[in-house]
Structures are given as C-alpha cells and as structure tokens.
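Everything below concerns the one structure shown next.
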Amino acid sequence: MGDSFIRPHLRQLAAYQPILPFEVLSAQLGRKPEDIVKLDANENPYGPPPEVFEALGNMKFSYVYPDPQSRRLRDALAQDSGLESEYILVGCGADELIDLIMRCVLDPGEKIIDCPPTFSMYVFDAAVNGAGVIKVPRNPDFSLNVDRIAEVVELEKPKCIFLTSPNNPDGSIISEDDLLKILEMPILVVLDEAYIEFSGVESRMKWVKKYENLIVLRTFSKRAGLAGLRVGYGAFPLSIIEYLWRAK
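Throughout the sequence shown, residue numbering follows the UniProt record's numbering, covering 1 to 248 in sequence.
What follows is the structure in structure tokens.
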C-alpha cells in the first residue's frame, strides 16, 4: 500500500479544515462573491488601500523568483518596528513560521504548551511534526493560568509555549507581568501578535534583543488586509534566527 511510505504519526493525523475563499463559496452557494458576508476567518472586510492594488499592478519582476532573504521588506519592517533587520525573518504567512519554528526546535515526542481557547494552528502543526501537546486552559476571564503553566514546565519539561496576544478568538491581552513570569521559565515563548495593531498595546518585537527565549510573530493578513498574499514575519533572537535561515 502506498501509505506505508508515510510516517506513522501522519497516517493518524486528521486533515486540517481550511477556510473556503469567496470563489469557492460563490460556486457552492450559487451567489455572487459580493453578496457573501464572510466572517469565518477574521479577515479584514475592507481590504487594502487603493495604493496597494496600484503597487501590486506595477510590480516589475513578478515573473522571476523573489529575493529569498526579502531584504527590501525586512528593511522596511525594521524602519517600521525600530528593530534591526537582522532580527527579522519573513515567511509565507505566519503559518509558515509557526511550522518552521517547530521543525527547528522539536524532536518527535517532545511537547509544546497550548492555552485554549486559542488559534488552532499550533496544535495542528505540533501533530504534523510528531510533537505532543499539553493543554493549559485559560482562566474564566481568558487570562493565562501562569501558576499552572509553571507547574507543567517544571514537571513535563515542554520545549515551547505558543501564546496569542490579543488572543484569537476572545481578544484578551497578555499582561506584561504574566509574560515576564513566563519568560523567566526554561521554555521557548512564541508570542503571536497577529492582532496587535487593534489592541492599543505596543508590540514586544524589540524584546527579542533582551530575551533569548522569545519569538514574536506578526502578519500582514489582518491590519493590512493582505491575507491573500500570505506575508508574515517574525522577530527572533540572533542565536535562534541563524538556524531558521538554514532550514528555510
């Protein structure tokens, strides 16, 4: 059987359920795309400004492969964030970076911490990479159960924890005090800031220069309304980003 060539843990993996785009929904429902109100993926309903469409239409070299190091984009992100470009890595959406982090960090059988309810991609990518998941549910007010996280880190020795702030789906923001407590633990902290521009809270991207166990992820999908282009980026300590460049 052909599936005998597939890694055993992947043969048990439930398929990821993707979000259907307008053109697929239009065909299924028999409705025009403009008649469909799409609220299932936290997409920006307005799209990008007209200037973005104009810039995309004027791209000169779309027929050749792009710069693999995304130098111009990383320089622009450095100017926007105040963090030097050598700390920044760009991916095909933050989803690629989540998977890349796991591929570089996790051996099969090692564990991550997930704090539900939250973004489902962390658990899915952990399963793809043969990692285990320890769930530490959030408190009733959707804040993190930091004491329980500390217990799990001490007893189970997980490799990394994935945190979203503002959280998807509830919008809760991780307090600076809670984040600092977790950063003191012997665990890699991946902070997903996909919605940070809507929070009124400053990004923690610059923190990666101080904390060797912190990664901060960002995206153009939400604020910029460019989910279809698949552009994500992250801030990494220099001691970590070197290895992601090798694997990417």
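Beta carbons are placed, not taken as given, at the ideal position from N, Cα and C, and that holds for glycine. Fair warning: this is a prediction, and the values are worked out from it, not measured in the lab.
- The DSSP-derived three-state label of residue 104 is helix.
- Burial is judged here by how many other beta carbons sit within 10 angstroms of a residue's own beta carbon; residue 243 has fewer than 16 and is exposed.
- Membership of residue 192 in any alpha helix (DSSP H) is not indicated; the residue belongs instead to the beta strand (DSSP E) covering 188-192.
- Taking a C-beta distance under 8 Å as the contact criterion, residue 232 and residue 93 qualify as a contact pair.
- For residue 240, the uninterrupted alpha helix (DSSP H) segment begins and ends at 238-247.
- The Cβ-Cβ distance between residue 44 and residue 168 does not fall below 8 Å.
- Per DSSP, the unbroken beta strand (DSSP E) holding residue 218 starts and ends at 214-219.
- Looking from the CA of residue 110, the closest CA among 69, 131, 49 and 85 belongs to 131.
- Residue 199 sits away from residue 216, with the two beta carbons spaced by 8 Å or more.
- Residues 87, 89, 208, 215 and 244 of the same chain have their beta carbon placed closer than 7 Å to that of residue 236, with the five preceding and five following residues left out of the count.
- The three-state reading of DSSP puts residue 232 in strand, counting E and B together.
- DSSP places residue 162 within a strand segment (E or B) once states are collapsed to three.
- Taken through DSSP and simplified to helix, strand or coil, residue 128 comes out as helix.
- Note on geometry: alpha-carbon atoms of residue 58 and residue 51 lie some 11 Å from one another.
- For the 8 Å CB-CB criterion, residue 224 and residue 18 do not form a contact.
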